[in-house]
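Q: Mapping of the sequence shown onto our numbering: residues 304 to 558, in sequence order.
Right, I'll just put the structure down here and ask away after.
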Amino acid sequence: MSRSRVRAFVEHRIFQNTIIAIIVLNAIMIGVQTYRRFEGLPVLVALDAIVLAIFTIEILLRMYAHGWKFFRDGWSWFDLLVVLVSYIPSGGAFQVLRVLRVLRVLRLLTSVPTLRRVVGALITAIPGIASIGALLVIIMYVFVVACTMLFGAHSPYFSDLGESTVSLFRLLVGDGWGQIIDPLADRVSFAWPFMMVYGVVSTFVILNLFIAVTTEALQQQTHADPEPSLVESRILEELRLLREQIATLQREGER
Numbered sequence: 304m305s306r307s308r309v310r311a312f313v314e315h316r317i318f319q320n321t322i323i324a325i326i327v328l329n330a331i332m333i334g335v336q337t338y339r340r341f342e343g344l345p346v347l348v349a350l351d352a353i354v355l356a357i358f359t360i361e362i363l364l365r366m367y368a369h370g371w372k373f374f375r376d377g378w379s380w381f382d383l384l385v386v387l388v389s390y391i392p393s394g395g396a397f398q399v400l401r402v403l404r405v406l407r408v409l410r411l412l413t414s415v416p417t418l419r420r421v422v423g424a425l426i427t428a429i430p431g432i433a434s435i436g437a438l439l440v441i442i443m444y445v446f447v448v449a450c451t452m453l454f455g456a457h458s459p460y461f462s463d464l465g466e467s468t469v470s471l472f473r474l475l476v477g478d479g480w481g482q483i484i485d486p487l488a489d490r491v492s493f494a495w496p497f498m499m500v501y502g503v504v505s506t507f508v509i510l511n512l513f514i515a516v517t518t519e520a521l522q523q524q525t526h527a528d529p530e531p532s533l534v535e536s537r538i539l540e541e542l543r544l545l546r547e548q549i550a551t552l553q554r555e556g557e558r
């Protein structure tokens with residue numbers, strides 16, 4: 304079978320949707336096997352082997368269809384590594400590596416275009432996220448030192464830099480405001496106003512900057528790689544079928 308036919312086969316929507324369905328089925332199977340009464344069930348073990356064989360055949364078909372171009376695509380490398388990891392023995396000393404089977408679920412990131420676009424946006428946003436993260440670390444350090452100096456003698460949650468860091472991180476994610484701040488406010492009158500300033504700066508400003516940067520990167524990714532509409536998809540499918548018919552006529556003419 305020619306590369307063009309194999310490429311058309313692996314890129315066909317029915318084939319891709321079938322692979323997505325198998326990935327979802329495999330994810331459910333892995334979740335079911337976390338229950339001890341289903342662990343090692345022969346039916347599930349056999350299905351797991353079948354799924355791995357299907358993934359292997361799919362990777363080999365894609366490698367044959369695309370040739371060396373397969374290895375120029377980062378997503379293809381990701382799919383290949385996920386499949387290779389599944390062949391690592393999980394018995395004996397490698398028992399802990401059984402958890403690596405769950406990585407097959409991540410193949411949804413490469414199979415579903417919208418998910419792949421989101422991941423691409425997150426990768427694009429890494430420089431901006433790193434800058435905002437550095438700003439958050441600086442602000443956190445300022446407040447950690449300030450809280451330790453101001454409230455260390457009045458609350459065990461701010462007795463040293465370590466305790467202050469943990470306490471402020473809990474407050475950052477919205478946990479323990481009543482548990483940490485209420486007893487402190489009974490001893491220090493300005494505890495609540497001070498912590499409200501910290502909450503506004505850390506949560507409402509910094510964390511919203513994370514969202515803004517990620518959203519902007521997602522919009523850029525969407526404009527750079529827009530998903531074809533239904534009409535465009537039909538046109539592309541008709542063009543593909545037309546190319547196949549022309550190739551078939553040319554082969555018949557050569558004979």
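Glycine residues also receive a C-beta, built at the ideal position from the N, C-alpha and C atoms.
Only a predicted model underlies this, so the values are computations on that prediction, with no experimental measurement involved.
Nearest chain D C-beta to residue 451 closer than 8 Å, yes or no?
A: Looking for chain D here will not work: only one protein chain is present.
Q: Whole angstroms is fine: what's the gap from residue 358's alpha carbon to residue 415's?
A: The residue you call residue 358 lines up with position 55 of the sequence shown. The residue you call residue 415 lines up with position 112 of the sequence shown. Each residue's alpha carbon lies about 16 Å from the other.
Q: Looking at the structure shown, is residue 460 part of a helix, part of a strand, or coil, going by DSSP?
A: Residue mapping note: residue 460 aligns to position 157 of the sequence shown, counting from 1. In the structure shown, the three-state DSSP call for residue 460 is helix.
Q: Check whether the Cβ atoms of residue 421 and residue 521 lie closer than 8 Å to each other.
A: Your numbering for residue 421 matches position 118 in the sequence shown. Your numbering for residue 521 matches position 218 in the sequence shown. Yes, they are a contact pair.
Q: Using a 10 Å radius around the Cβ and a threshold of 16 neighbouring Cβ atoms, would you call residue 333 buried or exposed?
A: As a first step, residue 333 must be located in the sequence shown, where it is residue number 30. So residue 333 ends up on the buried side.
Q: If you run the structure through DSSP and keep just helix, strand and coil, what is residue 428?
A: In the sequence shown, counting from the first residue as 1, residue 428 sits at position 125. Residue state for residue 428 is assigned as coil, using DSSP reduced to three classes.
Q: What does the alpha-carbon distance come out to for the pair residue 507 and residue 444?
A: On the sequence shown, residue 507 is found 204 positions in, with the first residue counted as 1. On the sequence shown, residue 444 is found 141 positions in, with the first residue counted as 1. Each residue's Cα considered, the two are about 18 Å apart.
Q: According to DSSP, is residue 547 helix, strand or coil?
A: On the sequence shown, residue 547 is found 244 positions in, with the first residue counted as 1. DSSP places residue 547 in helix when its eight states are reduced to three.
Q: Going along the chain, which residues of its own chain have a beta-carbon closer than 7 Å to the beta-carbon of residue 550, five neighbours each way excluded?
A: Working through the sequence shown from its first residue, we reach residue 550 at position 247. Excluding residues within five positions, the ones whose Cβ falls inside 7 Å are 307.
Q: Report the option in 478, 383 and 453 whose CA atom is closest to the CA atom of residue 492.
A: Your numbering for residue 492 matches position 189 in the sequence shown. The residue with the shortest Cα to Cα distance from residue 492 is 453.
Q: Nearest-angstrom Cα distance between residue 439 and residue 505?
A: To locate residue 439, count along the sequence shown from 1; it is residue 136. To locate residue 505, count along the sequence shown from 1; it is residue 202. Using only the alpha carbons, I get a separation of about 7 Å.
Q: At the level of alpha carbons, what is the spacing between residue 501 and residue 431?
A: Position 198 of the sequence shown, counted from the start, is the residue given in the question as residue 501. Position 128 of the sequence shown, counted from the start, is the residue given in the question as residue 431. Looking at the two C-alpha atoms, the distance is approximately 22 Å.
Q: Suppose the cutoff is 8 Å on Cβ atoms and the five residues either side in sequence are ignored; what does the same chain contact list for residue 362 look like?
A: Here residue 362 corresponds to residue number 59 of the sequence shown, with the count starting at 1. Excluding positions up to five away in sequence, the list reads 382, 383 and 386.
Q: Starting from the Cα of residue 379, find the closest Cα among 313, 544, 347 and 365 and give me that residue.
A: Within the sequence shown, the letter at position 76 stands for residue 379. The residue from 313, 544, 347 and 365 with its alpha-carbon nearest to that of residue 379 is 365.
Q: Can you list, in chain order, the residues of its chain whose CB lies under 8 Å from that of residue 347, leaving out five sequence neighbours each side?
A: For the purposes of this step, residue 347 is taken as the residue at position 44 of the sequence shown. Shown here for residue 347: same chain residues with a beta carbon closer than 8 Å to its own, the five before and five after excluded, namely 332, 335, 336 and 341 in chain order.
Q: How is residue 466 classed by DSSP in three states: helix, strand or coil?
A: Taking the sequence shown and counting its residues from 1, one reaches residue 466 at position 163. Three-state DSSP puts residue 466 in a helix.
Q: Grouping DSSP H, G and I as helix and E and B as strand, with all else coil, what is residue 336?
A: By 1-based counting over the sequence shown, the position of residue 336 is 33. Coil.
Q: Under 7 Å Cβ to Cβ from residue 523, same chain only, skipping five residues before and after it: list those, please.
A: Your numbering for residue 523 matches position 220 in the sequence shown. Hits under 7 Å: 427.
Q: Are there 16 or more other CB atoms within 10 angstroms of the CB of residue 461, so buried, or fewer, so exposed?
A: For the purposes of this step, residue 461 is identified with residue 158 of the sequence shown, where counting begins at 1. Residue 461 is buried by the Cβ-count criterion.
Q: Might you give, ordered along the chain, the residues of its own chain that have their beta carbon closer than 7 Å to the beta carbon of residue 368, omitting 5 neighbours on each side?
A: Translated into the one-based positions of the sequence shown, residue 368 becomes position 65. Only 306, 309, 310 and 313 meet the Cβ criterion.
Q: Should residue 318 be counted as a contact of the ligand ATP given a C-beta to heavy atom distance under 7 Å?
A: This structure simply doesn't include the ligand ATP, nor any ligand for that matter.
Q: What distance in whole Å lies between the Cβ atoms of residue 498 and residue 474, which are believed to be in contact at a cut-off of 8 Å?
A: For the purposes of this step, residue 474 is taken as the residue at position 171 of the sequence shown. For the purposes of this step, residue 498 is taken as the residue at position 195 of the sequence shown. With a Cβ gap of about 7 Å, residue 474 and residue 498 count as contacting.
Q: On a CA-only basis, which of 442, 450 and 339 is nearest residue 510? Give me that one, please.
A: For this step, residue 510 is matched to residue 207 along the sequence shown. Checked all of 442, 450 and 339; the closest Cα to residue 510 is 442.
Q: From residue 320 to residue 418, what does the alpha carbon distance come to, in whole angstroms?
A: For the purposes of this step, residue 320 is identified with residue 17 of the sequence shown, where counting begins at 1. For the purposes of this step, residue 418 is identified with residue 115 of the sequence shown, where counting begins at 1. The alpha-carbon atoms of residue 320 and residue 418 are separated by roughly 14 Å.
Q: Which residue wins for smallest C-alpha separation from residue 433, given the options 376, 468, 517 and 353?
A: Counted from its first residue, the sequence shown places residue 433 at position 130. Minimum Cα distance to residue 433 is reached at 517.
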